Each structure stands twice: as structure tokens, then as C-alpha cells.
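Asker: Could you have a look at this structure, given as C-alpha cells, before my questions?
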Amino acid sequence: MARRKKTSPMADQTGCRLLGLPAELRNRIYGLVLSCTSHRIPCCNSRLNIGEKKKHGAPGLLLTCKQIHTETISMFYAHVTFYVTNWWDLAPWLSKIGLARQQQINTIHYESSSYWYGTFQSQETLRHLGTRAARHRKWVLQDVHQSGPILGDDKVYVRMYLPGTKIYWTNEPKKIAEMFVEKLREIKKRPGKINSSAACFLQPIAKLLDLVSASHMAIFASHIHIMPPHAKHAETDLAARPFRFLDLAAELRNRIYEYAFFRVEVELPVSGPRDDKSERFPPAPSLLVACKQTYTEALTIYYSESAFYSECSRPMRQWLEFIGSIRRRQVSFVGHAGPIRMAKSASLSQARLHEIPDEKIHVRFVFPTLPGISTYWTNDPEGTAKKFGEHLGEIRTKRYGGSRPMTHHGRSSWLMLDSFGLGEDESKSDDED
Numbered sequence: 010m011a012r013r014k015k016t017s018p019m020a021d022q023t024g025c026r027l028l029g030l031p032a033e034l035r036n037r038i039y040g041l042v043l044s045c046t047s048h049r050i051p052c053c054n055s056r057l058n059i060g061e062k063k064k065h066g067a068p069g070l071l072l073t074c075k076q077i078h079t080e081t082i083s084m085f086y087a088h089v090t091f092y093v094t095n096w097w098d099l100a101p102w103l104s105k106i107g108l109a110r111q112q113q114i115n116t117i118h119y120e121s122s123s124y125w126y127g128t129f130q131s132q133e134t135l136r137h138l139g140t141r142a143a144r145h146r147k148w149v150l151q152d153v154h155q156s157g158p159i160l161g162d163d164k165v166y167v168r169m170y171l172p173g174t175k176i177y178w179t180n181e182p183k184k185i186a187e188m189f190v191e192k193l194r195e196i197k198k199r200p201g202k203i204n205s206s207a208a209c210f211l212q213p214i215a216k217l218l219d220l221v222s223a224s225h226m227a228i229f230a231s232h233i234h235i236m237p238p239h240a241k242h243a244e245t246d247l248a249a250r251p252f253r254f255l256d257l258a259a260e261l262r263n264r265i266y267e268y269a270f271f272r273v274e275v276e277l278p279v280s281g282p283r284d285d286k287s288e289r290f291p292p293a294p295s296l297l298v299a300c301k302q303t304y305t306e307a308l309t310i311y312y313s314e315s316a317f318y319s320e321c322s323r324p325m326r327q328w329l330e331f332i333g334s335i336r337r338r339q340v341s342f343v344g345h346a347g348p349i350r351m352a353k354s355a356s357l358s359q360a361r362l363h364e365i366p367d368e369k370i371h372v373r374f375v376f377p378t379l380p381g382i383s384t385y386w387t388n389d390p391e392g393t394a395k396k397f398g399e400h401l402g403e404i405r406t407k408r409y410g411g412s413r414p415m416t417h418h419g420r421s422s423w424l425m426l427d428s429f430g431l432g433e434d435e436s437k438s439d440d441e442d
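Each residue of the sequence shown is one higher than the one before, counting from 10 in this note's numbering.
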């Protein structure tokens with residue numbers, strides 16, 4: 010903090026008019042400048058820096074002169090928002106600045122990967138965003154505490170992207186996700202009492218969530234309650250011998266393995282540095298671990314037929330290294346579920362590093378269709394997006410004749426839903442007006 014210099018004559022401060030101000034005013038200026046300043050924590054391993062090498066130094070205000078540096082260094086750590094991209098860079102940086110500076114820090118933002126990918130999914134998926142963000146925050150705190158530095162748990166924030174809202178920086182991600190789900194429920198119950206700017210985007214999302222939940226429940230119920238066609242007229246024999254799968258011909262067993270594993274989505278989990286090996290890689294399906302013979306017969310088919318995907322590049326890299334070169338050649342589907350541009354570049358870089366052909370690399374599209382949501386895995390994202398745009402334009406032209414362009418940000422969501430038959434009530438009310 011700045012203090013008055015009783016022994017310093019005014020003549021020595023004429024070169025800097027800032028230092029001629031009273032200490033209280035200087036402290037106020039320092040606080041206003043530093044409160045809107047962010048500082049990125051540098052990577053602890055310089056070899057991992059990509060692109061132009063940049064030196065992450067202190068802000069220019071601290072480097073003006075020695076007196077200003079002395080006066081502002083404590084305020085710098087207390088007022089500035091620190092950003093860290095890789096959680097493993099935080100502990101070395103905290104150890105470097107020392108115990109006194111660690112205690113002065115108020116806010117550290119960890120740029121976790123808890124994104125909303127533009128996908129209209131179920132309410133449980135929204136809650137999962139909060140759970141995943143909380144898990145990322147736990148890794149940061151666990152690494153810091155075990156490495157020695159002192160940092161309060163309430164000072165680490167993670168970011169969350171939720172549909173139709175701002176970016177949330179929070180140290181309680183689960184609470185934010187629950188609040189968002191409750192807000193959606195409130196909008197569905199009382200649509201007229203929500204301001205138009207919020208309802209403009211959130212009401213379509215609420216409708217889509219209802220459609221997806223109903224669709225998921227219908228699919229789930231059909232697997233439980235619907236009797237297979239070939240079993241409707243079959244006689245029930247409780248005393249019949251159990252079916253012996255391994256007595257079937259090898260060709261039939263291979264066909265069953267292919268049906269069981271064809272395009273089954275296997276998510277590669279995001280794990281922390283101290284997680285067990287069982288938590289770092291997906292568990293083997295039950296069919297593989299039934300016995301040693303089924304494991305030997307089905308393992309190659311499992312890798313060649315299943316769809317392996319992740320939401321960031323690190324688990325994909327670890328998994329590709331873990332399975333070895335022989336299994337990598339058998340894999341036919343590698344997917345990245347993140348934002349399209351980032352997903353394509355990240356998955357391609359990891360796959361090329363492990364010599365996987367480009368045609369095996371897929372990214373995920375999620376588009377609203379009738380009656381619910383369709384997910385597309387494609388190795389040609391540009392072509393898929395173009396075809397979907399053309400299809401959307403044809404539907405809108407048939408319905409509106411091209412007379413209602415999507416110009417307003419708020420109405421665009423409703424018009425897109427109208428084109429898929431999801432906003433008919435709104436369109437009818439507009440026609441009546």
C-alpha cells in the first residue's frame with residue numbers, strides 16, 4: 010500500500026505528477042487500474058508453449074519505477090484476476106511467488122472444459138456440466154494442496170457455458186447448474202412472467218428439453234416393455250436348458266459381436282493426475298469380460314466397430330498411447346465431441362501423431378429435428394453443415410415462402426423452431442395478429 014513520504018521533498022517528485030498526488034489518491038488509482046486487469050499464469054514447461062514465445066511479466070504500471078512497484082505489488086496480487094489454462098501450472102507458480110503473495114491472492118480462474126456445446130440435451134446433462142466443472146476444480150485444489158502452496162478453496166473459480174446465458178465464473182458449479190435447471194422449470198410453468206429477453210431464448214430450450222426427455226423415456230421404455238416380434242408366439246418353457254452361447258458356430262458368434270459393438274459410443278473419461286488407472290480409461294464392456302474365450306474372440310471387433318470419443322484432446326492422447334500400435338490400427342472411429350473447429354484440429358493432431366488416417370476422425374453435430382434431437386458424427390463437418398443449412402432453407406421456404414427472414418436475434422430461435430414444427434403456437438398467434 011502507498012504511504013506518505015515525510016522526508017521526500019516535493020522537488021524530487023516533479024518528474025512524475027502521479028507521485029505528487031496524496032497517497033490515498035494514488036491507492037485509489039492503483040485499485041481502479043488493477044481491478045480490471047487480468048494476468049495469465051505462464052506455462053511451467055516452456056517447451057509446451059505453442060506459437061510465438063511471449064514473456065509473461067508484470068503489468069506496465071508495476072514496472073514504471075521502483076516506488077510504484079513497491080506501492081502496488083500487494084494490490085496487484087489482491088485485485089488482479091489470475092487465469093490458468095493447465096491446472097498443473099498453478100502449483101509451481103504459487104511456489105515461486107512465495108507464501109506472503111499466496112495469502113494476498115483473491116481470485117484464480119481455471120479455464121476448465123465445462124462447455125455447453127450447443128447441444129439440446131436432457132436436464133441431467135445440464136446437471137452433469139456442473140458436476141464435471143466441480144471435478145475439474147477439485148483436481149486443481151488437490152494438486153495445489155499436495156504440492157505445498159497455501160490457497161483457500163473459495164479462491165479457485167471454474168467457468169461454465171450455459172445456453173442462452175452469460176459465462177459463469179463460479180466456485181460452486183453444481184449450485185449454478187441446479188439454479189439453471191430450476192429456471193427452465195419456472196419458465197415452462199409461468200412463461201408469461203419471465204422477461205422477454207430471457208424467455209426469447211430459454212423457452213425454446215425448455216421445449217426441446219421436454220421433447221428430448223420424452224424421447225429418451227420412450228426409447229428406454231420400449232427396451233423394457235416391448236416384446237420382440239419373434240417371441241410373441243413362442244411357448245414359455247421354464248424348465249428349458251440355459252442358452253449356451255459358445256456352442257454356436259464361430260461365424261454366428263462373430264456376427265453377434267459385430268451387432269453388439271457396432272457404433273457403440275465409448276466415452277474416454279477426463280481424469281486427474283492422481284486417479285487410478287481404472288478411472289483414466291473406459292471400462293471393458295461386459296461381453297468382453299464374460300470369459301477368456303469371448304475376450305479373445307471379441308477384442309479385435311470391439312476396437313474396429315466401437316466409436317471412441319472424448320470431449321478434450323488429453324484423454325484421447327493418453328488412450329491412444331495406452332492401447333498400443335496394433336490396436337490403433339484396428340480402431341475405425343475416433344471422435345471429438347467439442348466445438349467443431351477446436352474438435353477437428355485437436356483430434357486431427359492427436360490422430361496424426363499416432364498415425365490414424367484422417368477419414369477415421371469424426372466430430373459431433375447435434376441438430377434439432379422432428380420429433381426430437383439427431384446427433385451426427387461426421388468426418389466432413391463442412392459438408393454436413395452446408396447440407397443442413399440447405400435443408401433448413403428449403404423447409405423455411407416451403408413454410409414461409411421466404412417472406413420472413415431471420416433478422417432479429419431474439420426471434421431467430423423461434424423461427425428456427427417453427428421451421429421444424431416446434432413453435433406452431435407462436436406462429437399461429439403471429440398470423441392472427
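For each residue, glycine too, the CB sits at the ideal point set by N, CA and C. Note that this is a predicted model, so its numbers are computed, not measured.
Using the three-state DSSP reduction, which class does residue 29 fall into: helix, strand or coil?
Answerer: It is coil, neither helix nor strand.
Asker: Have a look at residue 329 and residue 386 and give me their C-alpha separation to the nearest angstrom.
Answerer: Roughly 20 Å between the two C-alpha positions.
Asker: Which residues in the same chain as residue 396 place their Cβ atom closer than 7 Å to its Cβ, once the five residues preceding and following it in sequence are excluded?
Answerer: No residues qualify anywhere along the chain.
Asker: Going along the chain, which residues of its own chain have a beta-carbon closer than 6 Å to the beta-carbon of residue 273, five neighbours each way excluded?
Answerer: 315, listed in sequence order.
Asker: Only counting the same chain, and skipping five residues up and downstream in sequence, which positions put a Cβ closer than 7 Å to that of residue 296?
Answerer: Only 269, 303 and 307 meet the Cβ criterion.
Asker: Below 8 Å on the Cβ atoms is my guess for residue 81 versus residue 72; work out the distance and round it to an integer in Å.
Answerer: Between residue 72 and residue 81 the Cβ distance is about 10 Å, and since that is not below 8 Å, they are no contact.
Asker: Please classify residue 319: does DSSP put it in a helix, a strand, or coil?
Answerer: Residue 319 falls in the strand class under three-state DSSP.
Asker: Residue 91 lies in the beta strand (DSSP E); which residues open and close that run?
Answerer: Residue 91 -> beta strand (DSSP E) spans 90-93.
Asker: Give the C-beta separation of residue 310 and residue 276 to the nearest angstrom, bearing in mind that I take them to be a contact with Cβ-Cβ under 8 Å.
Answerer: Wrong, their Cβ atoms sit about 19 Å apart, outside the cutoff.
Asker: How is the beta strand (DSSP E) around residue 274 delimited, first residue to last?
Answerer: Per DSSP, residue 274 belongs to the beta strand (DSSP E) from 274-276.
Asker: Quick check on the DSSP output: the alpha helix (DSSP H) that includes residue 47 runs from which residue to which?
Answerer: First-last for residue 47: 47-49, but that is the beta strand (DSSP E), not the alpha helix (DSSP H).
Asker: Determine the direct distance from the alpha carbon of residue 84 to that of residue 25, and round the result to whole angstroms.
Answerer: Answer to the nearest angstrom: the Cα atoms are 20 Å apart.
Asker: Ignore the nearest five residues each way along the sequence and tell me which others in residue 49's own chain have a CB closer than 8 Å to its CB.
Answerer: Closer than 8 Å at the Cβ level, and outside the excluded window around residue 49, lie 65, 91, 92, 93 and 94.
Asker: Give me the Cα-Cα distance between residue 373 and residue 366, rounded to the nearest whole angstrom.
Answerer: Going from the Cα of residue 373 to the Cα of residue 366 covers about 18 Å.
Asker: Answer yes or no: do residue 146 and residue 182 have a C-beta to C-beta separation smaller than 8 Å?
Answerer: It is a contact, given that the beta carbons lie within the stated cut-off.
Asker: Give the C-beta separation of residue 164 and residue 117 to the nearest angstrom, bearing in mind that I take them to be a contact with Cβ-Cβ under 8 Å.
Answerer: Contact holds; Cβ gap of about 6 Å.
Asker: Decide if residue 47 is buried, meaning its Cβ has at least 16 other Cβ atoms within 10 Å, or exposed.
Answerer: It counts as exposed.
Asker: Pull the bridge partners of residue 371 from the DSSP assignment, please.
Answerer: Paired residues: 344.
Asker: In the DSSP assignment, the beta strand (DSSP E) including residue 117 goes from what residue to what residue?
Answerer: From DSSP, the beta strand (DSSP E) with residue 117 extends over 117-119.
Asker: In chain order, what residues of the same chain have a beta carbon less than 7 Å from the beta carbon of residue 140, not counting five sequence neighbours either side?
Answerer: Same-chain partners within the cutoff: 183.
Asker: For the candidate residues 392, 327, 33 and 343, whose alpha-carbon lies nearest to that of residue 312?
Answerer: When only C-alpha atoms are compared, the closest one is 343.
Asker: On the DSSP bridge assignment, give the partners of residue 178 in chain order.
Answerer: In DSSP, residue 178 forms a bridge with 168.
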